[in-house]
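Taken in order, these protein sequences are the chains called A and B.
At position 265 of the first sequence (counting the first as 1) the number is 265 in my numbering, and the numbers step up by one without a gap.
Just add 1000 to wherever you are in the second sequence, counting from 1, and you've got my numbering.
Quick notes on the structure that follows.
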Amino acid sequence: MGEVAVLGAGMHPWGKWGRNFVEYGVAAARAALTDAGLDWRDIGSVVGADTVRGGYPGYVAGATFAKALGWQGARVTNVYAACASGAQAVDAARAQILSGLADVVLVVGADAAPKGFFRPAGGDRPDDPDWLRFRVLGATNPVYFGLYARRRMAVHGDTAEDFAQVKVKNAAMGALNPNARYRERVTAEEVAASAVVADPLRLLDICATSDGGAALVLSSLEFARRHGHADPVRIRAVSTVTPRYPNTVLDLPDIATDSAVAVDPPAETFRVSIARAAYEEAGVGPEDLSLAEVYDLSTALELQWYEDLGLCGEGEGAKLLRDGATALGGRIPVNASGGLASFGEAVPAQAIAQVCELAWQLRGEAGDRQVAGARVGISANQGLFGHGSAVIAVR
Amino acid sequence: MSCTRTPVVAGWFAGEGDGFRLLGTRCAACASVFFPREDHHCRNPACGGGELAEFPLSRRGRVWSYTDSRYRPPSPYVSDPELSWEPCTLIAVELEAERIVVLGQAAPGVTVEDLTVGMEAEVVPGMLHEDAETTWTTWHWRPTGVEA
């Protein structure tokens, strides 16, 4: 598989700004274009990760951003894959570049998150699994995070203190990131003193919902050379796999797993397969990584990602954390950006933001949170309904 | 005033007392079991597709995991905003025979303190909420060792 160049990365800082998502997306796009040294009118294609309101992509993001930046005739594409929307947008841009449909593509995602729990669209919709889990069970997203966390405690012996230490680590790195929403260090005592949301997880174990925007300018390697980028960060793999039947790990928004009574479960779980597909495509393995950006919707889920990415063996996630391997200066820093713990989730922007962080780290431009000598980075995430997402970038 | 008892979702469970069961479906060709029920297509990618017949699931299984909701869930969950929110316990139960994990609310009075992963639980009929005309019914998981 060919590579594409990352010419520019940009963000609008995460927060709860209370403005229209278009503002955040346009600010991020302009920052990415400036970073790339390109004019918006040089862009041949724009891919939007859709902002969803009321259960459908009411703003159809790609064209909304193109209009706000000033119509200039670029090809437009929109993607929606829940939390994995950003990786799908990167993948769509890459496909256009590698097929020769476009030389240079702007990828944008932005959100203005509502207050409180994410909730399904209104109306009476018993054919929608996402509506049903709220109607029948009151099962919010933190309920699923709580189930995973308790399962880890029972199976692997993780403790609430382990979970708290993930927050402590990520908050320390987020404090160094000017784009993060939460920029204060947090202590384990503060985590333990926060309210329980979904036993055993507390408020500071669970990521918030945020406003924010992120954008990338991607191009062919040939275009990059022509425009003076001799040694750009390159995207070497984008994994967008779905699960294999039977999927035996309870997944949002489902009320039950697949049954394994007729067919044995695959040897690897869905999350493991997301990473494996990316490693295979990139021709690298976990031992080659300099850093990882993972979707820490909860502290406990970050530990699960360590194992699913192969950073350690099954059940050894908490030990890897306690050993300091995933902190800045450790063997494999995870969420040097501060992660969702420091950003909060702005759904269509988040997977793009992960790649922005990889780009800055691989260029050596990550300031106080720089991972020394970073050469290979992976981002990983999972979108509701069975959307795998992982990106491997190299320099 | 007499209330009509109506399942919160039609066709997912039936029966009273010890006869209460979750209702899935089973493929006549490959024997795959589905809950929530699949009535149109078998989802096993290796199966050519067989008749899907209603299939009552085992009553008992083992707790796969559990948690609770300490905050009031948003709509379409129905709760009385006049009353303070009482934490609701949720249990995921693995049914050995069907090799499936099914999530459900715990029977009233069961808290996370009563639960451990691996303990036995059984499905029992439950009430989700009531309005003027209707009692909306559901399934609950209850640990077999706990009197709620």
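Cβ atoms here follow ideal geometry from the backbone N, Cα and C, with glycine treated the same way.
Q | Nearest-angstrom Cα separation, counted from Asp-1039 (chain B) out to Thr-1025 (chain B) | A | Annotation: Thr-1025 (chain B) to Asp-1039 (chain B) spans about 7 Å, alpha carbon to alpha carbon.
Q. Can you tell me whether DSSP reads His-1129 (chain B) as helix, strand or coil?
A. Three-state result, His-1129 (chain B): strand.
Q) Got a sec? Which residues, its chain only, sit under 7 Å from Leu-147 (chain A) by beta carbon, not counting five neighbours each side? A) Only Leu-250 meet the Cβ criterion.
Q: With a threshold of 16 other CB atoms inside 10 Å of the CB of Ala-1046 (chain B), please say whether the residue is buried or exposed.
A: Classified as exposed, Ala-1046 (chain B) has fewer than 16 neighbouring CB atoms from the shown chains inside 10 Å of its CB.
Q. Pro-126 (chain A) touches chain B at which residues, Cβ-Cβ below 7 Å?
A. Ordered by position in chain B, the residues that pass the 7 Å Cβ test against Pro-126 (chain A) are Val-1009.
Q: Would you list, in sequence order, the uninterrupted beta strand (DSSP E) runs of no fewer than 3 residues that lie entirely inside the segment 213 to 288 of chain A?
A: If we require 3 residues or more, the beta strand (DSSP E) runs fully inside the segment 213 to 288 of chain A come out as 233 to 239.
(Q) Please give me, in chain order, every unbroken run of the beta strand (DSSP E) with length at least 3 that falls completely inside the segment 7 to 35 of chain A. (A) For the segment 7 to 35 of chain A, there is no continuous beta strand (DSSP E) assignment of 3+ residues that stays within its boundaries.
Q) the segment 132 to 150 of chain A: which residues have C-beta closer than 9 Å to a C-beta of chain B, in chain order? A) Of all residues in the segment 132 to 150 of chain A, Leu-132, Arg-133, Phe-134, Arg-135, Val-136, Leu-137, Gly-138, Ala-139, Thr-140, Pro-142, Val-143, Tyr-144, Phe-145, Gly-146, Leu-147, Tyr-148, Ala-149 and Arg-150 have a Cβ within less than 9 Å of some Cβ in chain B.
Q | Beta-carbon separation (whole angstroms), Ala-1053 (chain B) vs Cys-1042 (chain B), contact threshold 8 Å | A | Here Ala-1053 (chain B) is actually not in contact with Cys-1042 (chain B); their C-beta atoms are around 11 Å apart, not less than 8 Å.
Q. Opposite Ile-392 (chain A) in the DSSP bridges: which residues?
A. Beta-bridge pairing links Ile-392 (chain A) to A:Ala-237 and A:Ile-378.
Q) Where does Gly-383 (chain A) fall in DSSP's three states? A) If DSSP states are grouped into helix, strand and coil, Gly-383 (chain A) belongs with the strands.
Q.
Only counting the same chain, and skipping five residues up and downstream in sequence, which positions put a Cβ closer than 7 Å to that of Arg-41 (chain A)?
A. Residues Gln-72 of the same chain have their beta carbon placed closer than 7 Å to that of Arg-41 (chain A), with the five preceding and five following residues left out of the count.
Q. For Trp-465 (chain A), which three-state DSSP category applies?
A. Outside the modelled stretch of chain A, which goes from 1 to 395, sits residue 465 (chain A), for which no answer is possible.
Q.
With H, G and I counted as helix, E and B as strand and the rest as coil, what does DSSP make of Leu-201 (chain A)?
A. Note: Leu-201 (chain A) maps to strand in three-state DSSP.
Q.
Do Gly-1050 (chain B) and Cys-1027 (chain B) count as a contact pair if the criterion is CB distance below 8 Å?
A. Yes.
Q) Shorter than 8 Å from the beta carbon of Gly-55 (chain A) to some beta carbon of chain B? A) With a pLDDT of 49 at Gly-55 (chain A), under the threshold of 50, the modelled position of this residue cannot be trusted, and the question is left open.
**Q.** Contact the segment 11 to 24 of chain A vs the segment 208 to 223 of chain A: 3+ CB pairs below 8 Å
**A.** Output reads yes: the segment 208 to 223 of chain A touches the segment 11 to 24 of chain A.
Q | Within 9 Å of chain B by C-beta, residues of the segment 182 to 197 of chain A in sequence order | A | When CB distances to chain B are screened at a threshold of 9 Å, the residues of the segment 182 to 197 of chain A falling below it are Ala-195, Val-196 and Val-197, in chain order.
Q. For Pro-1056 (chain B) versus Thr-1137 (chain B), is the C-beta distance shorter than 8 Å?
A. Taking the C-beta atoms as reference points, Thr-1137 (chain B) is found no nearer than 8 Å to Pro-1056 (chain B).
Q. Under the three-state reduction of DSSP, which class applies to Cys-207 (chain A): helix, strand or coil?
A. DSSP places Cys-207 (chain A) in the coil class of the three-state scheme, outside both helix and strand.
**Q.** Spatially closest choice to Ile-255 (chain A) from B:Glu-1122, B:Ala-1121, B:Arg-1072 and B:Glu-1094, by CA coordinates
**A.** Of the candidates B:Glu-1122, B:Ala-1121, B:Arg-1072 and B:Glu-1094, B:Glu-1094 places its Cα closest to the Cα of Ile-255 (chain A).
Q.
Please report the straight-line C-alpha distance between Gly-55 (chain A) and Asp-128 (chain A), rounded to a whole angstrom.
A. Confidence at Gly-55 (chain A) is low in this model, with a pLDDT of 49, below 50, so its placement is unreliable and no value can be given for it.
**Q.** Distance, Ser-273 (chain A) Cα to Gly-377 (chain A) Cα
**A.** The alpha-carbon atoms of Gly-377 (chain A) and Ser-273 (chain A) are separated by roughly 17 Å.
Q: Put Glu-3 (chain A) into one of helix, strand or coil per three-state DSSP.
A: Reduced to three states, the DSSP call for Glu-3 (chain A) is coil.
Q. When the Cα atoms are used, what is the spatial distance from Phe-65 (chain A) to Val-22 (chain A)?
A. Spanning the alpha carbons of Phe-65 (chain A) and Val-22 (chain A) requires a straight line of approximately 6 Å.
Q) Would you call the CB atoms of Ala-282 (chain A) and Ala-84 (chain A) closer than 8 Å? A) Contact flag unset, no.
Q. Any C-beta of chain B sitting closer than 8 Å to the C-beta of Leu-216 (chain A)?
A. At a cut-off of 8 Å between beta-carbon atoms, Leu-216 (chain A) makes no contact with chain B.
Q) Cβ of Ser-1065 (chain B) less than 8 Å from any chain A Cβ? A) It does: the Cβ of Ser-1065 (chain B) has a partner Cβ on chain A nearer than 8 Å.
Q) Going by the CB atoms, is the gap between Ala-336 (chain A) and Leu-301 (chain A) shorter than 8 Å? A) Note that the C-beta distance between Leu-301 (chain A) and Ala-336 (chain A) is not below 8 Å.
Q: Please determine, among A:Pro-286, A:Val-241 and A:Leu-33, the residue with the shortest C-alpha to C-alpha distance to Arg-331 (chain A).
A: The residue among A:Pro-286, A:Val-241 and A:Leu-33 with its C-alpha nearest the C-alpha of Arg-331 (chain A) is A:Pro-286.
Q. So is Arg-1142 (chain B) in contact with chain C if we call contact Cβ pairs under 8 Å?
A. Protein chains in the displayed structure are A and B, and chain C is not among them.
Q.
Looking at chain B, is there any beta carbon in it that lies within less than 8 Å of the beta carbon of Val-105 (chain A)?
A. With 8 Å as the cut-off, Val-105 (chain A) does not count as an interface residue toward chain B.
**Q.** Rounded Cβ spacing between Glu-1113 (chain B) and Thr-1144 (chain B) (contact assumed at less than 8 Å)
**A.** No, Glu-1113 (chain B) and Thr-1144 (chain B) are not in contact; Cβ-Cβ is about 17 Å, not under 8 Å.
Q. Got a sec? Which residues, its chain only, sit under 6 Å from Met-1119 (chain B) by beta carbon, not counting five neighbours each side?
A. Hits under 6 Å: Val-1063 and Pro-1143.
**Q.** Own chain partners of Thr-1128 (chain B) with C-beta closer than 6 Å, once the 5 adjacent residues on each side are dropped
**A.** What sits at residue 1128 (chain B) in the sequence shown is Leu, not Thr. Result list for Leu-1128 (chain B): Val-1008, Trp-1136 and Thr-1138, in chain order.
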